[in-house]
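So the sequences go chain by chain: A and B.
Per my numbering, the very first residue in the first sequence carries number 34; after that it's consecutive.
Per my numbering, the very first residue in the second sequence carries number 1346; after that it's consecutive.
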Amino acid sequence: MSDSAAKLSIVELQRDYRSGKRTPSEAISDIIEAIKLNDGDVGAYLSFDPEMALDEASNADINLPLGGVPIAIKDLINVKGQPCTCASRFLDSSYTSTYDATVITRLRQAGAIPLGRTNMDEFAMGSSTENSGLRSASNPWDVDRVPGGSSGGSAICVSNDTAIAALGSDTGGSIRQPASFCGCVGLKPTYGRVSRYGLVAFASSLDQIGPMTKTSEDAALLLSVISGSDSRDSTALSDVVPDYSSHLTGDIKGLRIGLPKEYFNEGIDADVRACVDEAISHLEKLGAKIVDVSLPHTEYAIATYYIIATAEASANLARFDGVRYGNRAVEPNDILEHYRLSRAAGFGDEVKRRIILGTYVLSSGYNDAYYVRAQKVRTLIRKDFAAAFNQADVILSPTAPTPAFKSGEKSSDPLQMYLADIFTIAANLAGICGASTPCGNVQVENGRTMPVGLQVLGPHLSEGTVLRITDAFEKTTDWHRLRPPTR
Amino acid sequence: MDKDKIDVNYVAELARIELTNDEAERFSAQLDDILGYVRQLEGLDVSGIEAMAHATPVYDVMREDQSRSGEGTKTALANVQESTADQFRVTRVVES
Chain A
34 MSDSAAKLSI VELQRDYRSG KRTPSEAISD IIEAIKLNDG DVGAYLSFDP EMALDEASNA
94 DINLPLGGVP IAIKDLINVK GQPCTCASRF LDSSYTSTYD ATVITRLRQA GAIPLGRTNM
154 DEFAMGSSTE NSGLRSASNP WDVDRVPGGS SGGSAICVSN DTAIAALGSD TGGSIRQPAS
214 FCGCVGLKPT YGRVSRYGLV AFASSLDQIG PMTKTSEDAA LLLSVISGSD SRDSTALSDV
274 VPDYSSHLTG DIKGLRIGLP KEYFNEGIDA DVRACVDEAI SHLEKLGAKI VDVSLPHTEY
334 AIATYYIIAT AEASANLARF DGVRYGNRAV EPNDILEHYR LSRAAGFGDE VKRRIILGTY
394 VLSSGYNDAY YVRAQKVRTL IRKDFAAAFN QADVILSPTA PTPAFKSGEK SSDPLQMYLA
454 DIFTIAANLA GICGASTPCG NVQVENGRTM PVGLQVLGPH LSEGTVLRIT DAFEKTTDWH
514 RLRPPTR
Chain B
1346 MDKDKIDVNY VAELARIELT NDEAERFSAQ LDDILGYVRQ LEGLDVSGIE AMAHATPVYD
1406 VMREDQSRSG EGTKTALANV QESTADQFRV TRVVES
């Protein structure tokens, strides 16, 4: 197994293909082997179809941009002929996708092979993957801790070498936070950079698909492939898609890195803070300029988010009515009972809670007080970022205030879970892009260590700059190379 | 109704979700907690601030009005639990 292809990045795998050292079929076989060997304890995958992938590998054209490269897919993105459970009992085993999401069409055109469907919080609602309705998931660094969420499965499989790379989705931090907790790279693109067609919608004005990878180099490659306008998603931006890889020059001299004073407060775990301080000094040594910025409405971001996201979710999840697909109540008396029972049996607690909260904030008499007010505060938050980006090219912070927390620690108190999203959530409200890359390891009990993520946020469509910084950091540090202890 | 408390059973009815008594009790306490937290927005002056539905401007995207082939009935019904005469079967809507 020491020479398993599963340990490689996309760029390394392609090098091996092109030198003739490996074939796509061999690489896929290695990954299938790695999943069988190492996924049992951590639960990254909800399903995978080895035959389909091996079949595609035998016809792979390695000269394409992602030729023969297997990519794990979060289980809320439609891949024709595969399940798309959203980790929900509502869709489990009863649903097979009849079409490819636009990101899948683009991956296929670039020669990539979708391999495996990754675990997540049900309908992407959660920050720990504890809300998966189908399989529990654990952090590969310490199985008593959560992998983060909602794209927990994608973060696990990239970090513990049971995938080369993966796609996740980020509505309030769901790519960046699990990347931070598991020790991989995660990029949330600018809202509209990547088409959402075929992504099962949670909060349509916040959702964005993005890459979860072993390096920023890989994230740039994947992003170049999946980005661009789409006649099937009117919010997909028509701005030209650059070759993001060409932005990774390693040179960050003169770039202004902003540190928001509201983020660097007593709420950050001391060890996490030390790692991030160290990373800041490191970037300064590479020539970046550190400037102080302010995001004065930070304290309102979580409240704003949980009103807007749940309002949108309550509308989006109305489609799960048990008529056209998914769980269907047995012999209900009338249509209302049909809806109520189909949904009651299909959804888990957090999904029910959020639909109810969203319905409440949109209901007559409360709409202005909650939803419309939150939309106004959203404007203030966006303006905060616009002002900060006048003074700084990017904004830097920890991705999360703590390392991965213990399973069960926050699961009975949803508000405590929400409060841990403080550094990631505002980016979705403002629609800007951001990445997390490993920047240290902290000691926890029993001699274990847990990874810490550094978050770099940039203005709309500045993915090239964000990745230039995370890539420059990776080229001069080894944190992203660390792997969880093998069991 | 107390303005500061959520009537979970009523809202669940609007949301078309049947709740058990245990769920109603649990969610009620948790949602009161969450609403108590989000009410901090009340302290912020938002007069004159425009409400924002999207982070980027969203425009209607137009195309020529041309007929195109759809997925077809068979595909549309591929995941249905109950169908009849090539159509989705819906539970009775009108009273018998």
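Note that the Cβ used here is the ideal one computed from N, Cα and C, for glycine as well.
Of the residues A:Arg386, A:Thr519, A:Leu281, A:Leu270, the one placed nearest Ala252 of chain A, counting alpha carbons only: Here residue 252 of chain A corresponds to residue number 219 of the first sequence, with the count starting at 1. It is A:Leu281 whose Cα lies nearest to the Cα of Ala252 of chain A.
Residues near Arg386 of chain A by beta carbon distance below 8 angstroms, same chain, minus five either side: Locating residue 386 of chain A in the first sequence gives position 353, counting from the first residue. Around Arg386 of chain A: Pro447.
Range covered by the beta strand (DSSP E) that runs through Pro468 of chain A: Taking the first residue of the first sequence as 1, we reach residue 468 of chain A at position 435. Before going further, note that residue 468 of chain A is Ala rather than Pro in the sequence given. Run containing Ala468 of chain A: 466-476, per the beta strand (DSSP E) assignment.
Proximity below 8 angstroms, CB of Gly231 of chain A to CB of Tyr132 of chain A: Position 198 of the first sequence, counted from the first residue, corresponds to residue 231 of chain A. Position 99 of the first sequence, counted from the first residue, corresponds to residue 132 of chain A. Cβ atoms of Gly231 of chain A and Tyr132 of chain A: closer than 8 angstroms.
Residue span of the beta strand (DSSP E) that contains Pro518 of chain A, given as start and end: As a working mapping, residue 518 of chain A is identified with position 485 in the first sequence. Premise fails: Pro518 of chain A is in no beta strand (DSSP E) and is neither H nor E.
C-beta contact flag for Pro180 of chain A and Thr162 of chain A at 8 angstroms: The residue you call residue 180 of chain A lines up with position 147 of the first sequence. The residue you call residue 162 of chain A lines up with position 129 of the first sequence. In contact: Pro180 of chain A and Thr162 of chain A (Cβ atoms closer than 8 angstroms).
Rounded C-alpha distance that separates Trp174 of chain A from Ala77 of chain A: Position 141 of the first sequence holds residue 174 of chain A. Position 44 of the first sequence holds residue 77 of chain A. Answer to the nearest angstrom: the Cα atoms are 13 angstroms apart.
Through-space distance from Glu45 of chain A to Ile95 of chain A, alpha-carbon basis: Here residue 95 of chain A refers to the residue found at position 62 of the first sequence. Here residue 45 of chain A refers to the residue found at position 12 of the first sequence. C-alpha separation (whole angstroms): 13 angstroms.
Contact set between Gln1375 of chain B and chain A, taken where Cβ atoms lie within less than 7 angstroms: The residue given as residue 1375 of chain B occupies position 30 in the second sequence. Residues of chain A passing the Cβ test: Arg386, Pro447.
Buried versus exposed call for Met1407 of chain B [16 or more other C-beta atoms within 10 Å across all chains shown]: Position 62 of the second sequence, counted from the start, is the residue given in the question as residue 1407 of chain B. Per the 10 Å Cβ criterion, exposed.
Distance, Gly1381 of chain B Cα to Leu490 of chain A Cα: Mapped onto the first sequence, residue 490 of chain A falls at position 457. Mapped onto the second sequence, residue 1381 of chain B falls at position 36. So the alpha carbons of these two residues sit roughly 30 angstroms apart.
Secondary structure, alpha helix (DSSP H): runs of 4+ residues fully inside the region 42-119 of chain A: 43-52, 57-71, 83-91
Which of helix, strand or coil DSSP assigns to Thr503 of chain A: Here the question's residue 503 of chain A lines up with position 470 in the first sequence. Note: Thr503 of chain A maps to helix in three-state DSSP.
For Phe456 of chain A, the residue or residues it bridges with in DSSP: Locating residue 456 of chain A in the first sequence gives position 423, where the first residue counts as 1. Partner(s): none; Phe456 of chain A has no beta bridge.
Lys151 of chain A, enclosing beta strand (DSSP E) - first and last residue: As a first step, residue 151 of chain A is located in the first sequence; it is residue number 118 there, counting from the start. Note that residue 151 of chain A corresponds to Thr in the displayed sequence, not to Lys. Thr151 of chain A -> beta strand (DSSP E) spans 146-151.
Inter-residue Cα distance where the pair is Glu155 of chain A and Phe353 of chain A: Translated into the one-based positions of the first sequence, residue 155 of chain A becomes position 122. Translated into the one-based positions of the first sequence, residue 353 of chain A becomes position 320. Roughly 13 angstroms between the two C-alpha positions.
Whole-angstrom distance between Leu369 of chain A and Glu1440 of chain B, CA atom to CA atom: Reading the second sequence from its first residue, position 95 is the one you call residue 1440 of chain B. Reading the first sequence from its first residue, position 336 is the one you call residue 369 of chain A. Their Cα atoms are separated by approximately 12 angstroms.
The beta strand (DSSP E) enclosing Val218 of chain A, as first and last residue numbers: On the first sequence, residue 218 of chain A is found 185 positions in, with the first residue counted as 1. From DSSP, the beta strand (DSSP E) with Val218 of chain A extends over 218-221.
Endpoints, alpha helix (DSSP H) assigned at Ile197 of chain A: The residue given as residue 197 of chain A occupies position 164 in the first sequence. Careful: Ile197 of chain A lies outside any alpha helix (DSSP H) and carries neither H nor E.
Between the CA atoms of Ser1373 of chain B and Met1346 of chain B - distance to the nearest angstrom: Position 1 of the second sequence, counting from 1, holds the residue named residue 1346 of chain B. Position 28 of the second sequence, counting from 1, holds the residue named residue 1373 of chain B. Caution is warranted here: a pLDDT of 43 is assigned to Met1346 of chain B, below 50, making its placement in the model unreliable, and no coordinate value can be reported.
Buried versus exposed call for Gly320 of chain A [16 or more other C-beta atoms within 10 Å across all chains shown]: Reading the first sequence from its first residue, position 287 is the one you call residue 320 of chain A. Exposed, by the Cβ-count rule.
Contact the region 85-93 of chain A vs the region 227-244 of chain A: 3+ CB pairs below 8 angstroms: no
Residue nearest to Asn298 of chain A in terms of C-alpha spacing, selected from A:Ala143, A:Val309, A:His493: Along the first sequence, one-based indexing puts residue 298 of chain A at 265. Answer by Cα proximity: A:Val309.
For His315 of chain A and Arg265 of chain A, the rounded distance between their alpha carbons: On the first sequence, residue 265 of chain A is found 232 positions in, with the first residue counted as 1. On the first sequence, residue 315 of chain A is found 282 positions in, with the first residue counted as 1. Rounded to the nearest angstrom, the two C-alpha atoms are 43 angstroms apart.
Three or more C-beta pairs below 8 angstroms linking the region 423-439 of chain A and the region 1409-1429 of chain B: no
CA-to-CA distance, Asn1366 of chain B to Pro147 of chain A, given in whole angstroms: To locate residue 147 of chain A, count along the first sequence from 1; it is residue 114. To locate residue 1366 of chain B, count along the second sequence from 1; it is residue 21. Taking the straight line joining both Cα atoms gives about 43 angstroms.
Terminal residues of the alpha helix (DSSP H) in which Gln424 of chain A lies: For the purposes of this step, residue 424 of chain A is taken as the residue at position 391 of the first sequence. Counting along the chain, the alpha helix (DSSP H) containing Gln424 of chain A begins and ends at 406-424.
Ranges of the alpha helix (DSSP H) found wholly within the region 373-409 of chain A, counting only runs of at least 4: 382-395
Nonlocal neighbours in the same chain, by C-beta distance under 6 angstroms from Gly480 of chain A, ignoring five residues either side: What you label residue 480 of chain A is simply residue 447 of the first sequence in a count that begins at 1. Contacts found: none.
Beta-carbon proximity list for Val176 of chain A, same chain, < 8 angstroms, skipping 5 on both sides: In the first sequence, the residue the question calls residue 176 of chain A occupies position 143. Counting only Cβ-Cβ distances below 8 angstroms, and skipping sequence neighbours, we find Asp74, Val75.
Start-to-end residues for the alpha helix (DSSP H) that takes in Val258 of chain A: The residue given as residue 258 of chain A occupies position 225 in the first sequence. Here the alpha helix (DSSP H) through Val258 of chain A covers 249-259.
Counted within 10 angstroms of its Cβ, other Cβ atoms place Val1420 of chain B as buried (16 or more) or exposed: As a first step, residue 1420 of chain B must be located in the second sequence, where it is residue number 75. At residue 1420 of chain B the sequence reads Thr, which differs from the Val that was named. With fewer than 16 Cβ atoms within 10 Å of its Cβ, Thr1420 of chain B is classed as exposed.
Chain B contact for Ser327 of chain A (CB, 8 angstroms cutoff): In the first sequence, counting from the first residue as 1, residue 327 of chain A sits at position 294. Chain B, which has no Cβ nearer than 8 angstroms to the Cβ of Ser327 of chain A, makes this no.
C-alpha gap between Pro492 of chain A and Thr1418 of chain B, whole angstroms: Stepping through the first sequence from its first residue, residue 492 of chain A is reached at position 459. Stepping through the second sequence from its first residue, residue 1418 of chain B is reached at position 73. Distance between the alpha carbons of Pro492 of chain A and Thr1418 of chain B is about 44 angstroms.
Contact list for Thr118 of chain A against chain B, beta-carbon separation under 7 angstroms: As a position in the first sequence, residue 118 of chain A is number 85, starting the count at 1. Residues of chain B passing the Cβ test: none, with the nearest at roughly 12 angstroms.
Classification of Asn366 of chain A by the beta-carbon crowding that lies within 10 angstroms, buried from 16 upward: Position 333 of the first sequence, counted from the first residue, corresponds to residue 366 of chain A. Answer is exposed; the Cβ neighbour count stays below 16.
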